[in-house]
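Sequence order for the protein chains is W and B. 0 is the number of the first residue of the first sequence in numbering that gives the first Met the number 0; add one for each residue after it. 0 is the number of the first residue of the second sequence in numbering that gives the first Met the number 0; add one for each residue after it.
Protein chains: 2
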Amino acid sequence: MSSARSTDDRTAAARIRDAAIVSFGQAGFDKTTVREIAAAAGVSPGLILHHFGSKAGLRAACDEHVIAEFARSRNEAVDSGTTDPFAAMAGIEREAPMMRYLLQSLREGSEAAATLFDGLVEESARLMEHSVEEGQLRPSDNIHDMAVILVAWQFGGLLLQEHVARAFGAEPLTAAPAPRHIRAVLEILTHGVFADSRYEDAWNNLESSGEPPPHGETTAPGRGTGSGAGGSAARKRTSEAKER
Amino acid sequence: MSSARSTDDRTAAARIRDAAIVSFGQAGFDKTTVREIAAAAGVSPGLILHHFGSKAGLRAACDEHVIAEFARSRNEAVDSGTTDPFAAMAGIEREAPMMRYLLQSLREGSEAAATLFDGLVEESARLMEHSVEEGQLRPSDNIHDMAVILVAWQFGGLLLQEHVARAFGAEPLTAAPAPRHIRAVLEILTHGVFADSRYEDAWNNLESSGEPPPHGETTAPGRGTGSGAGGSAARKRTSEAKER
DNA sequence: TAGGATACTGAACATGAGTTCAGCGCGTTC
DNA sequence: GAACGCGCTGAACTCATGTTCAGTATCCTA
């Protein structure tokens, strides 16, 4: 009957690791106890330490496994010629606890998360460049930086899933975003939010005029990330020195 | 700074609460110990329990205070006629630990975070509508939904600050985003990322044809949140050299 | 088949953290 | 002036949790 468990019955170490990925992904590293993982994997707490040395060692193993798994799935996507990276990731996201693990890692700031984040940025940038050539995306000389932002927004939105879902009156657990959600995202990514390019122009003027990047006061339109509203852009001068 | 103690020395309870906001904001609720807070506030651990009943009670008090404080600062912004919500928030964000507290709450999913998130969405939507009337934002019949997304992205990006900063080669601790960051955000919010409205149109057709929202496969362009697309490099010169 | 290593268990240990509690100083009230 | 209440202390308690360890079963090798 090993056929049911496709990869045959995993070794105890693998069961522990998989159970840990699930638990860490659900409750986070700190709130998950070794005993819980042991119970979920059907082994004794001692065995975990026997195999992984410590709880931290277990996490390291999970990190490594998840990173490898993501890399594998990415390669598969590339091989199969999928153009959309998130279509590829959707498969993972939907059923696998690994996405939850990734999100928790992102939340907790583990090192694995940094690796994955950087990998996703790089890959997204590459795919975006490809899409520009295909005429799907608008050209820009900032593709890489935009990829950073878009990946951050993507995962940031996922981190706040609960709140976003609540706002859209959807179940927080659903993997698929609510139609209203999709619609709003599409609208923003298709048209932007500003009525014209005044803010962008103002910023470009600021930069090209050799002005050193304003610190602390840039917030007006630049920070617009969030609400976009944006006030009077460039006319904010500042005396840097004020500091503290 | 001595003279600054305008409100005279706060009561021990207030000192505890303020110290807790700082500590919770830096390390998170779980990783902060009652003893640490006590030390920071210059009181004994026992006093914290005396005043707040429990560590959870202390958090509740912090939540309440932060929520009230945010509401106050919002009202002030409204009274002073500030058009840009994030300009108003920048004041808080820059110097106050409350933003850090908020972000940690968002990370940990506390109830206060939900309240604040919803409040910010509502306020952003209102301000965005106002900005549309002023001609700064492009009109839309989805303003509220877009506000949800933008607030989520804003805070999501803040949650991933560390990774974003790393990608831009900036210090993770800096409050002000890197120039490259601002530039990329402005570009996206000004022009969007798609070359044309094909994805939006496709989605609208899907919806108007009465199709139930596709599940799990919507990902292609819809999910575009993240990388959706790609661009051409065009990389080149520009401010890069200057930066650093 | 013997012997040893490896997988594994479960009780015990150590520590850290939240919480309890008896008591102290001090201002206020009767 | 004594009694009371309140803010406050700090040692002690309890419990959860990561970790250790002595011991047992199981499998591989000579």
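Ideal placement from N, C-alpha and C gives every residue a C-beta, glycine not left out.
Residue i lies in the alpha helix (DSSP H); which residues open and close that run?
| i | result |
| --- | --- |
| W/ASN203 | 197-207 |
| W/GLU107 | 96-107 |
| W/PHE28 | First-last for W/PHE28: undefined, no H or E at that position. |
| W/PRO44 | 44-51 |
| B/ALA37 | 33-40 |
| B/LEU158 | 142-158 |
Would you decide whether residue i is buried or exposed? Buried here means 16 or more other CB atoms lie within 10 Å of its CB.
| i | result |
| --- | --- |
| B/GLN25 | exposed |
| W/ARG9 | exposed |
| W/ASN141 | buried |
| B/PRO176 | buried |
| B/GLU199 | buried |
| W/ALA67 | exposed |
| W/HIS180 | buried |
| B/GLU122 | buried |
| B/ALA55 | exposed |
| B/GLU216 | Its pLDDT being 39, under 50, B/GLU216 is placed unreliably in this model, and the value from its coordinates should be taken loosely. It is exposed - the Cβ of B/GLU216 has fewer than 16 other Cβ atoms within 10 Å. |
| W/HIS162 | buried |
| W/GLY191 | buried |
| B/GLY52 | exposed |
| W/GLY155 | buried |
| W/GLU170 | exposed |
| W/PRO178 | buried |
| W/THR189 | buried |
| B/THR32 | exposed |
| W/GLU128 | buried |
| W/SER208 | exposed |
| W/GLY182 | According to the sequence provided, residue 182 of chain W is Arg. The question's Gly does not apply to it. By the neighbour-count rule (16 or more Cβ atoms within 10 Å), W/ARG182 is buried. |
| W/ARG58 | buried |
Measuring alpha carbon to alpha carbon, tell me which of the options ends up nearest residue i.
| i | options | result |
| --- | --- | --- |
| W/SER22 | W/ALA95, W/SER130, W/ARG73, W/ARG71 | W/ALA95 |
| B/ALA39 | B/ALA164, B/SER208, B/ASP17, B/LEU105 | B/ASP17 |
| B/VAL42 | B/ASP117, B/ILE15, B/ILE181, B/GLY108 | B/ILE15 |
| W/LEU119 | W/LEU101, W/GLY134, W/ARG197 | W/LEU101 |
| W/GLU133 | B/ALA151, B/GLU107, B/ALA194, B/GLU132 | B/ALA194 |
| B/ASP144 | W/VAL147, W/GLU128, W/SER130, W/PHE167 | W/PHE167 |
| W/LYS105 | W/VAL184, W/PHE28, W/SER208, W/GLU206 | Lys is not the amino acid found at residue 105 of chain W; the sequence shown has Leu there. Minimum Cα distance to W/LEU105 is reached at W/PHE28. |
| W/LEU258 | W/ALA201, W/ALA169, W/VAL131, W/MET98 | The requested residue 258 of chain W does not occur in the structure, where chain W is confined to residues 0 to 243. |
| W/PHE116 | B/ALA70, B/ARG165, B/PHE154, B/ALA112 | B/ARG165 |
| W/ALA267 | W/GLN135, W/LEU126, W/GLN160 | Because chain W here runs from 0 to 243, residue 267 of chain W falls outside it and cannot be looked at. |
| B/SER196 | W/ILE187, W/SER196, W/ASN204, W/ASN203 | W/ILE187 |
| B/VAL150 | B/HIS129, B/ARG137, B/SER139, B/ALA113 | B/ALA113 |
| W/VAL184 | B/ARG73, B/ILE148, B/SER207, B/ALA201 | B/ILE148 |
| B/ALA60 | B/ALA19, B/SER139, B/PRO44, B/ASN203 | B/ALA19 |
| B/GLU63 | B/GLN153, B/GLN135, B/ALA13 | B/ALA13 |
| W/PHE69 | W/GLU35, W/ALA111, W/LEU136, W/VAL131 | W/ALA111 |
By DSSP's criteria, residue i is part of a beta bridge. Which residues make up the other side?
| i | result |
| --- | --- |
| W/PHE193 | B/LEU136 |
Return no unless some Cβ of chain W is closer than 8 Å to the Cβ of residue i.
| i | result |
| --- | --- |
| B/ILE75 | Correcting the residue type first, residue 75 of chain B is Glu in the shown sequence and not Ile. Not one chain W Cβ lies under 8 Å of B/GLU75. |
| B/TYR198 | yes |
| B/ALA111 | no |
| B/GLY24 | no |
| B/GLU35 | no |
| B/ALA95 | no |
| B/GLU170 | no |
| B/GLY108 | yes |
| B/ARG179 | yes |
| B/VAL42 | no |
| B/ASN204 | no |
With a threshold of 8 Å between beta carbons, is residue i in contact with chain B?
| i | result |
| --- | --- |
| W/THR189 | yes |
| W/LEU185 | yes |
| W/ASP17 | no |
| W/MET145 | yes |
| W/SER208 | no |
| W/ASP29 | yes |
| W/SER53 | no |
Any heavy atom of the ligand GTP closer than 7 Å to the beta-carbon of residue i?
| i | result |
| --- | --- |
| W/ASP140 | With respect to the ligand GTP, the structure offers nothing, as it holds no ligand at all. |
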